[in-house]
Structures are given as structure tokens and as C-alpha cells.
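Enquirer: In my numbering, the protein residues as written are 469 to 828.
1) Can you list, in chain order, the stretches of the beta strand (DSSP E) that have 3 or more residues and sit fully within the region 531–605?
2) Mind checking who residue 829 pairs with in its DSSP beta bridge?
3) Between which residues of its own chain and residue 667 is the CB-CB distance below 6 Å, once the five residues before and five after are set aside?
4) Kindly provide the ranges of any beta strand (DSSP E) runs that are 3 or more residues long and lie completely inside the region 634–721, ordered along the chain.
5) Please state if the CB of residue 470 and the CB of residue 559 are separated by a distance shorter than 7 Å.
6) Could you have a look at residue 768 and say whether DSSP puts it in helix, strand or coil?
7) Counting C-beta neighbours from all protein chains within 10 Å, is the total for residue 491 16 or more, i.e. buried, or is it exposed?
8) Among the residues of its own chain, which have a CB less than 7 Å from the CB of residue 634, if the five just before and after it don't count?
9) Measuring alpha carbon to alpha carbon, tell me which residue in 673, 785, 552 is nearest residue 711.
10) Quick one, are the C-beta atoms of residue 664 and residue 720 less than 7 Å apart?
11) Return the residue from the list 749, 660, 769 that minimises the CA-CA distance to residue 681.
12) Buried or exposed: residue 554, going by 16 or more other Cβ atoms within 10 Å of its Cβ?
13) Indicate the three-state DSSP secondary structure (helix, strand or coil) for residue 509 in the structure shown.
14) Measure the alpha-carbon distance for residue 798 versus residue 604 and round it to whole angstroms.
15) Using a 10 Å radius around the Cβ and a threshold of 16 neighbouring Cβ atoms, would you call residue 758 buried or exposed?
16) So, for residue 694: in the same chain, excluding its five sequence neighbours on each side, which residues have a beta-carbon less than 7 Å away from its beta-carbon?
17) Pick helix, strand or coil for residue 522, following the three-state DSSP scheme.
18) What residue ranges within the region 769–819 form continuous alpha helix (DSSP H) runs of no fewer than 4 residues, ordered along the chain?
19) Under the three-state reduction of DSSP, which class applies to residue 498: helix, strand or coil?
20) Rounded to whole angstroms, how far is the Cβ of residue 740 from the Cβ of residue 802, which I believe are closer than 8 Å?
21) Considering only the beta carbon of each residue, do residue 483 and residue 533 sit closer than 7 Å?
22) Taking residue 726 as the reference, which of 473, 502, 765, 805 has the closest Cα?
23) Which of helix, strand or coil does DSSP assign to residue 746?
24) When you compare only the Cα positions, how much space is there between residue 688 and residue 809?
25) Between which residues of its own chain and residue 729 is the CB-CB distance below 7 Å, once the five residues before and five after are set aside?
26) Suppose the cutoff is 7 Å on Cβ atoms and the five residues either side in sequence are ignored; what does the same chain contact list for residue 529 look like?
27) Comparing alpha-carbon positions, which option in 778, 614, 596, 657 lies nearest residue 817?
28) Are the beta-carbon atoms belonging to residue 562 and residue 520 less than 7 Å from one another?
29) Can you list, in chain order, the residues of its chain with a C-beta nearer than 6 Å to that of residue 572? Leave out the 5 residues immediately preceding and following it.
30) For residue 477 and residue 549, which I take to be in contact (beta-carbon distance under 8 Å), what is that distance rounded to the nearest angstrom?
31) Return the Cβ separation of residue 599 and residue 805 in integer angstroms, given the expectation that the two are a contact with Cβ distance under 8 Å.
32) Run through the DSSP bridge pairs and tell me what residue 626 is partnered with.
33) Among residues of its own chain, excluding the 5 on either side of residue 524, which ones have a beta-carbon nearer than 7 Å to its beta-carbon?
34) Applying the criterion that 16 or more other CB atoms from any shown protein chain within 10 Å of the CB defines a buried residue, is residue 626 buried or exposed?
35) Taking DSSP as the reference, what is the three-state secondary structure of residue 762?
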């Protein structure tokens with residue numbers, strides 16, 4: 469690989485904050501006021517759990533000492549090499565089991581075969597980039613739609629809140645379900661088609677469609693009263709407290725998540741935004757040592773929620789429902805595009821599928 473790519477070491481992150489992203493093994497770590505790379509750059513996780521992860525940026529960034537940089541040598545395309553490295557799954561080459569590590573020496577020694585013509589590299593990168601661009605556009609549209617709905621929530625229930633609105637416990641609006649993990653000793657409970665939501669599955673997802681772990685029907689039925697109908701509101705309540713998502717299809721969660729099954733359809737998105745707005749208070753309610761925050765189900769059920777009356781909640785639901793319907797559809801499209809990209813990636817890299825580069 470050393471004949472094709474120039475690798476470099478990252479540096480300790482600057483202490484002064486700014487607007488330039490700092491990249492580590494798991495993507496953006498923070499922001500600073502300096503950069504050590506300013507054009508097309510591939511970032512590779514160097515050490516730990518995210519060792520071998522690969523990112524691409526074409527703007528000023530700071531590559532931290534948890535990562536390596538990668539630049540193409542002459543007559544090679546940066547975006548193609550980014551996809552090529554992703555397809556290689558570099559973590560398989562890592563040294564050390566308890567503390568995995570990839571180094572420049574290790575990467576330079578890996579034997580690879582790539583198309584010699586840069587035009588073919590560009591053609592492959594163009595196909596994959598077009599899919600990623602569509603995925604990115606849908607993600608940005610979803611963020612905009614959610615922000616528009618959240619603006620309405622703040623206007624209706626924060627800025628124009630009435631002093632005489634009665635407070636009700638959260639359990640008034642929905643049934644509270646604390647998740648649970650089935651016995652891991654029974655292997656037939658796992659690797660089925662029922663999503664089993666954990667906190668990492670919630671990050672960045674308004675609706676959770678897919679999860680790292682899943683249950684069989686046997687595993688689901690082994691736990692009574694733990695199954696969530698679609699679009700229940702899931703809230704992380706242990707360790708990473710305050711994340712809010714909705715399950716896209718019938719699911720279960722682990723014990724780190726409390727969920728709300730709305731008693732009325734018009735409670736749903738009001739509760740979603742209320743729980744998101746409650747982030748700081750959820751942290752203040754969570755107790756435990758400095759290492760692990762824990763908001764128990766009893767306290768969660770008693771969270772005071774302003775009750776503006778059914779008429780206002782119905783009107784709010786009517787306003788924001790179209791936004792969430794669009795988000796739901798877009799997330800399904802994102803899944804389809806991601807599956808297509810992930811199917812094409814190894815086939816394009818192996819030459820099983822060939823494309824021609826159109827300079828126009």
C-alpha cells in the first residue's frame with residue numbers, strides 16, 4: 469500500500485476552541501482554531517475500539533494523535549482510495565487484541581491491487597459518491613424538517629405556554645416500559661428479525677429502523693410487557709442520559725432505556741419534543757456515582773409534563789405529522805441507498821462490476 473498512499477501521523481489536539489473539526493478514530497472529537505490538513509484527506513482511526521475506521525474530508529481539519537492521515541501518490545484518486553480503504557476493513561490488520569493498533573509501517577506493508585488508470589478510479593468513486601451525496605442530502609433534509617417541527621413545539625409550548633396549564637405525570641400521557649435483556653445463555657433468543665434497541669442504536673436516528681442486536685420471536689415472547697409498538701418514544705436513562713428516538717417497527721429495548729407508549733396518537737410528537745427539551749433536567753434527576761448516571765423508572769414516570777388540553781395537542785399533531793411522515797419515508801430511502809452502496813462497494817473494488825468514467 470505504501471506504493472500508492474502516503475500516510476502521516478496526527479498530532480495532539482490544540483487547546484483553543486474554534487470552528488475547525490478535530491478528527492479522531494470515531495470521527496469528530498471537537499473543534500479548534502487550527503488545521504494540519506486543508507484539502508482532500510483520508511482519516512484512519514489509529515488505536516482502540518475504532519482502530520481502522522475511515523473518514524474523508526475536503527476542507528481544513530485537524531487530524532488528532534488518535535488517527536493517521538492518508539494522501540494519494542501521483543495518478544491516484546483520493547475519493548477512490550477512501551472507498552477502497554473502507555472496503556478493506558482495516559481493523560482486521562490491527563496488532564494487539566486488548567488495545568488494537570494500526571501503524572504506518574503496518575499499512576505500508578499491506579499488499580493491494582487497484583485499477584491502474586485514474587479514470588477508472590474516478591468512475592468508481594463517482595458512482596459511490598453519488599449515492600453518498602443522496603444519503604447526505606436526505607439526512608440534512610430530515611434535520612431541517614425536525615428543526616421546523618421543534619420550532620413549532622417551542623412556540624406553542626414554551627414561548628406561548630399558559631400559566632394555568634395543569635401539570636400531569638408523564639405516565640398520564642403514556643404507558644412507561646423499562647427495557648430488559650433476555651437471557652444471553654439461551655442463544656435461540658437472539659439473531660432474529662425483531663430490533664433490540666440499545667443506546668448506540670439511537671445516536672443520530674429520529675426513527676430506529678435497524679439495530680446491531682436483534683431478537684427472535686421466541687426471545688421477544690420470553691419477556692412479557694416489553695414489546696414496543698412502532699413509534700413509541702425511547703429515552704436513554706442510564707450512562708448516556710437523555711437521548712430520544714422512536715422505534716420504526718415493533719421492537720424491544722435493553723434496561724438502559726425507558727420508553728413511552730402514547731395513550732393517544734396526538735400525544736406522540738408532543739412527548740417526543742418534550743423529552744428532547746427535558747435533556748438537562750433528565751441529567752439533574754439522574755443519580756449515581758460520577759461514573760454512571762441512572763434515572764430509574766419510578767422517577768421517570770413522575771416527570772411533570774404541562775397539559776395544555778386535547779384541543780391544542782390535536783392541533784399540534786396535525787401541524788407536525790407531515791414533517792415526521794416525510795422523515796420516516798426519507799429514512800427508509802436512506803436505508804435502501806446504504807444497502808445499495810454497501811452491495812456495490814466490494815463488487816466495484818473487485819472488478820466484478822465495471823463502470824466507465826464520463827468526464828461530463
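Beta carbons are placed, not taken as given, at the ideal position from N, Cα and C, and that holds for glycine. Computed from a predicted model, the values in this text were never measured in an experiment.
Expert: Working from what's here:
1) 535–540
2) For residue 829 there is no data in the structure shown, the boundaries of the chain being 469 and 828.
3) 704, 708, 724
4) 634–637, 642–646, 658–665, 681–683, 701–704, 712–715
5) no
6) helix
7) buried
8) 775
9) 673
10) yes
11) 660
12) buried
13) strand
14) 11 Å
15) Because residue 758 sits at a pLDDT of 47, beneath the cut-off of 50, its placement in the model cannot be relied upon, and the point is left open.
16) 645, 647, 648, 720
17) strand
18) 778–818
19) strand
20) Going by Cβ atoms, the distance from residue 740 to residue 802 rounds to 19 Å, so no, they are not a contact pair.
21) no
22) 765
23) coil
24) 31 Å
25) 642, 643, 645, 696, 697, 700
26) 488, 489, 491, 503, 505, 509
27) 596
28) yes
29) 475
30) So it is not a contact: roughly 18 Å between Cβ atoms.
31) 5 Å
32) Answer is none; residue 626 lacks a bridge partner.
33) 510, 547, 550
34) exposed
35) strand
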